[in-house]
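Visitor: Attaching a single structure in structure tokens format; questions to follow.
In my numbering, the protein residues as written are 2 to 306.
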């Protein structure tokens, strides 16, 4: 959708350029994923620095002594992550380095040490990865995702943070599920998709076909919106309908209902308040015509409903 929007507003009509930009933005999700995992790693490592600082106090308090524990740095999940070859290679590949804003790690650690959850963690005797994952989940869900200045830092580094955050959360959740074995060699990072080769082809085809048939589909939309002035129809609505028509006509394995629901839901997030109702109505009319013309060809029973 973003690639098509940019294509519609620019004089550069090289599909390959927009295709490359689209795949770079998809890879950026993996960058976010590795950066976030590394942030958890950095927080765990920070306990060593904090412990050394507390140990240098002339008269350390009982709280200082308690928080001097470096247990988090030896956390089973973090230890397994550090031994994961793919993680180590991607940290280097993506030049991950949180030193550009050291206050982020300190802020997370300060909130962590002030929590009852961390106190309970330090007192917990179970060192299995199944148990030790809980404190890492807490850091991610209750601190990283809930702290405004951390989110601002991520937004500054990743331009599509607000859009991709939901995918990132799913990947982190999958990682917690995947890291379930006390043998680090058996724990795997999350994949961006279960079948990237297939999904890559889908992304490429959807973009190229939506552009190739853009004028034709604009006419289909125009025929059903004759009572609307063209400047009253949001560009985003037009693009979403053209993408939906592309799926209906060129992707035989995607059920009609899935396509209709998907683009109506996208419009709720990215277009005007009334767009979903408008798009639903226009697409229903276009779909009816396409069915009568015999142009909707789906593979498998029930895919046309």
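No residue lacks a Cβ here, since even glycine has one placed at the ideal position from N, Cα and C.
Pick out whichever of 160, 276, 174, 53 has its Cα sitting closest to the Cα of residue 241.
Guide: Taking the first residue of the chain shown as position 1, residue 241 is located at position 240. The candidate whose alpha carbon is nearest that of residue 241 is 276.
Visitor: How long is the line joining the alpha carbons of residue 165 and residue 34, rounded to whole angstroms?
Guide: For the purposes of this step, residue 165 is taken as the residue at position 164 of the chain shown. For the purposes of this step, residue 34 is taken as the residue at position 33 of the chain shown. Using only the alpha carbons, I get a separation of about 10 Å.
Visitor: Let me confirm a value: residue 188 is counted as buried when at least 16 other C-beta atoms fall within 10 Å, else exposed. Which label applies?
Guide: Residue numbering aside, residue 188 sits at position 187 when the chain shown is read from its first letter. Buried, since its Cβ has 16 or more Cβ neighbours within 10 Å.
Visitor: Helix, strand or coil for residue 228 per DSSP?
Guide: Taking the chain shown and counting its residues from 1, the one referred to as residue 228 is at position 227. The answer is coil: DSSP assigns residue 228 none of H, G, I, E or B.
Visitor: If you drop the 5 nearest sequence neighbours on each side, which residues of the same chain put their C-beta closer than 8 Å to that of residue 239?
Guide: Within the chain shown, residue 239 is the residue found at index 238, counting from 1. Correct list, in chain order: 219, 222.
Visitor: Let me know if residue 243 comes out buried or exposed under the rule of 16 or more other beta-carbons within 10 Å of its beta-carbon.
Guide: Working through the chain shown from its first residue, we reach residue 243 at position 242. Its Cβ being crowded by 16 or more others within 10 Å, residue 243 is buried.
Visitor: Note down, one range per segment and in chain order, each beta strand (DSSP E) of at least 3 residues found wholly within the stretch 78-108.
Guide: List check, beta strand (DSSP E) in window: nothing returned.
Visitor: Could I get the ranges of all uninterrupted beta strand (DSSP E) runs contained in the stretch 250-295, with 3 residues as the minimum, in chain order?
Guide: For the stretch 250-295, not a single whole beta strand (DSSP E) run of length 3 or above is found.
Visitor: According to DSSP, is residue 55 helix, strand or coil?
Guide: Locating residue 55 in the chain shown gives position 54, counting from the first residue. The answer is helix: DSSP assigns residue 55 an H, G or I state.
Visitor: Taking 8 Å as the cut-off, does the stretch 38-53 touch the stretch 66-78 (at least 3 CB pairs, one atom from each stretch)?
Guide: Contact holds: three or more Cβ-Cβ distances are below 8 Å.
Visitor: Whole-angstrom Cβ separation of residue 38 and residue 95, contact assumed at under 8 Å?
Guide: To locate residue 38, count along the chain shown from 1; it is residue 37. To locate residue 95, count along the chain shown from 1; it is residue 94. That pair is no contact at about 11 Å.
Visitor: What's the call for residue 85, buried or exposed, on a 16-neighbour Cβ count within 10 Å?
Guide: If you number the chain shown from 1, residue 85 lands on position 84. By the neighbour-count rule (16 or more Cβ atoms within 10 Å), residue 85 is buried.
Visitor: Can you grab the Cα-Cα spacing for the pair residue 283 / residue 300, in whole Å?
Guide: As a position in the chain shown, residue 283 is number 282, starting the count at 1. As a position in the chain shown, residue 300 is number 299, starting the count at 1. Roughly 24 Å separates the two Cα atoms.
Visitor: Do residue 4 and residue 249 have their C-beta atoms within less than 9 Å of each other?
Guide: In the chain shown, the residue the question calls residue 4 occupies position 3. In the chain shown, the residue the question calls residue 249 occupies position 248. No, these two residues do not count as a Cβ contact at 9 Å.
Visitor: With 16 other CB atoms within 10 Å as the buried threshold, where does residue 60 fall?
Guide: On the chain shown, residue 60 is found 59 positions in, with the first residue counted as 1. Residue 60 comes out exposed.
Visitor: Would you identify the three-state DSSP class for residue 10, choosing helix, strand or coil?
Guide: Position 9 of the chain shown, counted from the first residue, corresponds to residue 10. In this structure, residue 10 counts as helix in the three-state DSSP scheme.
Visitor: Considering Cα atoms alone, identify which of 251, 30, 253, 144 is closest to residue 159.
Guide: In the chain shown, the residue the question calls residue 159 occupies position 158. Among 251, 30, 253, 144, the Cα nearest to that of residue 159 is on 30.
Visitor: Is it true that the CB of residue 109 sits closer than 9 Å to the CB of residue 136?
Guide: As a working mapping, residue 136 is identified with position 135 in the chain shown. As a working mapping, residue 109 is identified with position 108 in the chain shown. Cβ distance not < 9 Å, so residue 136 and residue 109 don't count as in contact.
Visitor: Using CA coordinates, which residue listed in 245, 190, 252 is at the minimum distance from residue 262?
Guide: By one-based count along the chain shown, residue 262 stands at place 261. Of the listed residues, the one whose Cα sits closest to residue 262 is 245.
Visitor: Quick check on the burial criterion: 16 or more other C-beta atoms within 10 angstroms. Buried or exposed for residue 257?
Guide: Along the chain shown, one-based indexing puts residue 257 at 256. When all chains shown are included, residue 257 counts as buried.
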